[in-house]
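A.B. asks:
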Amino acid sequence: MTNPTLTQSSGTEFTRILGIGAARGDRVVPNDDLIGPINSSDEWIRQRTGIIERRRASADVQAVDLATEASLEAIEKAGIRPDQIGVVLVSTISNTVQTPSLAALLADRIGANPAPAYDISAACAGYTYGIAQADSFIRSGLAEYVLVVGAEKLSDLVNPADRSISFLLGDGAGAAVVGPSDTAGISKTVWGSDGSKWDTVGMDNPLQAYREGRVEWPTLRQDGPSVFRWAVWEMAKVAKQALAEAGVEPEDLAAFIPHQANMRIIDEFAKQLKLPESVAIARDIETTGNTSAASIPLATHRLLEEHPELSGGLALQIGFGAGLVFGAQVVVLP
């Protein structure tokens, strides 16, 4: 008797991002609207963050609503049907419930059932994690097209009186459709974590303590100086590793699209990487705010709208945040 031969899936050799979609909160919130509870000023916020205003969603708008809008645009731009989506990945830290996943709700809303769907909890690095997984799914033959979404309604998790993070945050969703390509469109991802720094940024209290009445509703907080030092010095090393894995030099890039954490971090990143003036640098944070997992696709969408000539060029994207976690890769812009 011969042993049966196992059939194993295999897919295309290369992948790329085919389409990008975006949705921002419907409310424009200038700095002056937030300075009272933190006893600050418009000038103080601008100098430390580069933010002039941020977008936040109305009370009746949820993260899944923003994700739906962004996803439908990305699918249309990719030139495929929703029912061709093979996997739905959503990175979020602001789903209103622990379960079911936002991804499962989104798959149903956009007409992608019965595609497998799950959430990624990697905070501001979540979109890069999703792109890495989408690339692997397609090249392994598990899917032909994968929808990757970063969706956040961070205004639900803000303590208006917290001077460390409350004025930074905005609401929005960015989506990308990843599919097969004739040439390489997504480089090897450089990613990782450092859980020893778990208390640098995250929720201030666990849900159990809130349930027991020992604390107020948990909200986001951070140790700003520690985050700044880690992002500028350690993440610059990760960005350089991503360039090396892709086999490209800084001057080969058309764009640099980092997580929109803080304008000072973005500017220091550019110095550390010695980016030439020819490289477009995403600075969506100025009018959108920090949208965690949504920030990279939102910044990509705006950059392509303002500079359509960047389409087809190489972009270095890097996300980093609570965990601490990080991920970076070079992609061909759709």
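According to the numbering used here, the sequence shown is numbered sequentially starting from 22. Heads up, the beta-carbon is just placed ideally off N, CA and C, and yes, glycines get one too.
(1) Would Gly223 and Ala80 be called neighbours here (beta carbons separated by less than 7 Å)?
(2) Taking only the alpha-carbon atoms, compute the straight-line gap between Asn283 and Ser176 and give it to the nearest angstrom.
(3) With DSSP run on the structure shown, which of helix, strand or coil describes Tyr139?
(4) Using 8 Å as the Cβ pair cut-off and three pairs as the minimum, do the segment 292 to 304 and the segment 210 to 225 touch?
(5) Looking at Ala263 and Gln350, is the spacing between their C-beta atoms short of 7 Å?
(6) Straight-line CA distance for Phe249 to Ala196?
(7) Would a C-beta distance cut-off of 7 Å place Ser356 and Gln338 closer than the cut-off?
(8) Counting along the chain, where does the beta strand (DSSP E) carrying Ser202 start and finish?
(9) Between Gly151 and Arg76, which are expected to be in contact by the criterion C-beta below 8 Å, what is the C-beta distance as a whole number of angstroms?
(10) What whole-angstrom Cβ distance do Ala95 and Gly42 have, given they're in contact under 8 Å?
(11) Under 7 Å between the Cβ atoms of Gly191 and Ala314?
(12) Taking only three categories from DSSP, how would you classify Glu74?
(13) I'd like the list of long-range same chain contacts for Gln105, defined as Cβ closer than 6 Å, with 5 residues on each side in sequence excluded.
(14) I need the boundaries of the beta strand (DSSP E) containing Phe347, first residue and last residue.
(15) Across which residues does DSSP place Met224 in a beta bridge pair?
(16) With respect to the beta strand (DSSP E) encompassing Pro51, which residues constitute its N-terminal and C-terminal limits?
(17) Check whether the segment 127 to 144 and the segment 101 to 119 touch, using three or more Cβ-Cβ pairs below 8 Å as the test.
(18) Pull up the CB-CB distance for Arg184 and Ile73, whole angstroms please, since I reckon it's below 8 Å.
C.D. replies: With the given structure in hand:
(1) no
(2) 17 Å
(3) strand
(4) no
(5) yes
(6) 27 Å
(7) Outside the displayed span of the chain (22 to 355) sits residue 356, for which this structure offers no information.
(8) 192 to 202
(9) Incorrect: roughly 22 Å between the Cβ atoms, too far for contact.
(10) 3 Å
(11) no
(12) strand
(13) Tyr166
(14) 346 to 353
(15) Leu241
(16) 48 to 51
(17) yes
(18) Not confirmed; about 18 Å, so no contact.
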